[in-house]
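The opening position of the sequence shown corresponds to residue 72 in this note's numbering, with each subsequent residue numbered one higher.
Data block below; observations after.
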Amino acid sequence: MKERIGFIGLGAMGAGMADNLLRKGWPLTVHVHRSRTAADRLIAAGATEAASPRDLASACDIVILCVTGSREVEALVKGPDGLATAKRPLLIIDCSTSNPSSTTALAAELAAQGVTLIDAPLARTPKEAAEGKLDVMVGGAAEPVARARPVLEAFAARIVHTGPTGSGHTMKLLNNFVSMGYSAIYSEALTLGAKAGLTPQVFNSVISGSRMDCGFYQAFFDFVLNRNENAQRFAIANALKDMTYLASFAQAAGVANPVGAVVRNGFATAVATGHGEKFVPALSDIVAGLNGVSLVEPPVA
């Protein structure tokens with residue numbers, strides 16, 4: 072008999088993940104964290120609804136969190152009506168991009184209450200979430216990770232056990248450091264090219280298909296070239312949050328992180344100028360605009 076799954080965080084990624092869990096036969100209970108849209112669809116398809124995180128924990132064996140970051144996770148777990156207040160054994164899978172130091176501290180606190188927390192942040196996009204083809208980086212002891220694996224397989228095509236609790240979130244920050252670094256480099260390179268009279272189309276004709284091409288590049292340039300707003304649905308404000316977590320992690324590790332600081336500053340500037348809700352590829356337009364150029368070709372008369 073399959074374990075009972077609870078889910079909080081039915082956003083762009085979480086909605087597709089929950090759809091797959093329900094479709095693949097997992098008993099599913101949801102708690103509405105923000106929007107009801109996905110929850111109503113899931114309930115119509117057979118999921119049940121819990122009025123609070125405590126009620127969700129009381130009704131489930133495993134709870135998946137897919138929210139913005141550590142602050143939201145801690146509130147859902149330790150709040151006055153949080154998951155931990157149910158006072159029962161529970162496996163919590165944190166699929167958010169959280170601060171590793173928060174994750175390890177929270178896991179230790181919960182372990183004393185008989186609750187297990189593992190981190191399982193995600194890679195890829197809402198498209199792969201809906202298709203059940205996400206990548207997942209899992210941090211935790213062998214036993215709870217093995218218990219979680221069949222659940223994760225409902226929405227993931229690739230699952231990597233990265234090590235102890237917190238290591239999944241550490242790896243996710245490194246992953247996002249690389250991808251957000253790409254975003255900052257692409258944006259500045261395009262602006263430099265535009266200043267020199269090279270269009271994004273010319274830039275792409277050289278990079279696409281070369282050794283510097285990759286799936287992330289293709290998604291980023293789907294926005295740059297085709298103005299596809301949904302090519303990469305990751306908000307600039309969330310990118311800044313992750314780069315801030317990275318800075319904290321680097322400082323705690325005693326590692327100089329000058330490149331990370333520069334990348335973070337680019338996203339901080341974008342947020343400070345009112346662009347935090349835009350998706351990451353829009354950084355290209357923001358950097359161009361700050362330098363007095365446009366990456367959009369004028370329409371042909």
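Cβ coordinates follow ideal geometry from the N, Cα and C atoms, glycine included.
Just so it is clear, the structure is predicted and the values come from calculations on it, not from any experiment.
A Cβ-Cβ distance of about 7 angstroms is found for the pair T168 and N247, placing them in contact under the 8 angstroms criterion. The beta carbon of G234 is closer than 7 angstroms to those of G210 in its chain, skipping five residues each way along the sequence.
Taking 7 angstroms as the cut-off, the beta carbon of M208 is found closer than this to the beta carbon of G239. Assigned with DSSP and collapsed to three states, E348 falls in coil, not helix or strand. Listed in chain order, the alpha helix (DSSP H) elements of length 4 or more contained wholly in the stretch 286-363 are 286-297, 307-324, 329-343 and 354-361. Under DSSP, A227 takes part in a beta bridge, and its partners are L205. Taking a C-beta distance under 7 angstroms as the contact criterion, T241 and P192 do not qualify as a contact pair.
Check the Cα spacing between A179 and each of A155, T196, V295 and A310: the tightest is with A155. Straight-line spacing of the CA atoms in N309 and A267 works out to 32 angstroms.
For D90, the uninterrupted alpha helix (DSSP H) segment begins and ends at G85 to R94. Secondary-structure assignment with DSSP links V134 through a beta bridge to G77 and I163. Around the C-beta of D90, 16 or more other C-beta atoms lie within 10 Å, and the residue is accordingly described as buried. One Cα belongs to N275, the other to A217, and the distance between them is close to 43 angstroms. One Cα belongs to I76, the other to K158, and the distance between them is close to 17 angstroms.
Secondary structure note for H240: it is in no beta strand (DSSP E), and the uninterrupted alpha helix (DSSP H) holding it is S238 to K266.
The alpha-carbon separation between V134 and A200 amounts to approximately 18 angstroms. In this chain, the alpha helix (DSSP H) harbouring T175 covers P171 to A182.
When Cβ pairs closer than 8 angstroms are counted between the two stretches, the stretch 281-301 is seen not to touch the stretch 321-328, the count staying below three. In the DSSP assignment, D111 falls outside any beta strand (DSSP E) and lies within the alpha helix (DSSP H) extending over T108 to A115. Between the alpha carbons of V101 and L181 lies a gap of roughly 21 angstroms. Cβ atoms of S258 and L354 come within 8 angstroms of each other, at about 5 angstroms.
When DSSP reads this structure, A194 sits in a beta bridge with D206. Looking at the DSSP output, H102 bridges to I79.
Here P215 is near L162, since their CB atoms are less than 7 angstroms apart. Counting C-beta atoms within 10 angstroms of its own C-beta, L245 has fewer than 16 neighbours from the protein chains shown and is therefore classed as exposed.
In this structure, V334 sits near G252, with a CB-CB distance shorter than 7 angstroms. Shown here, V367 sits in coil according to DSSP, grouped into three states, outside any helix or strand. For L147, the enclosing alpha helix (DSSP H) starts and ends at S141 to K149.
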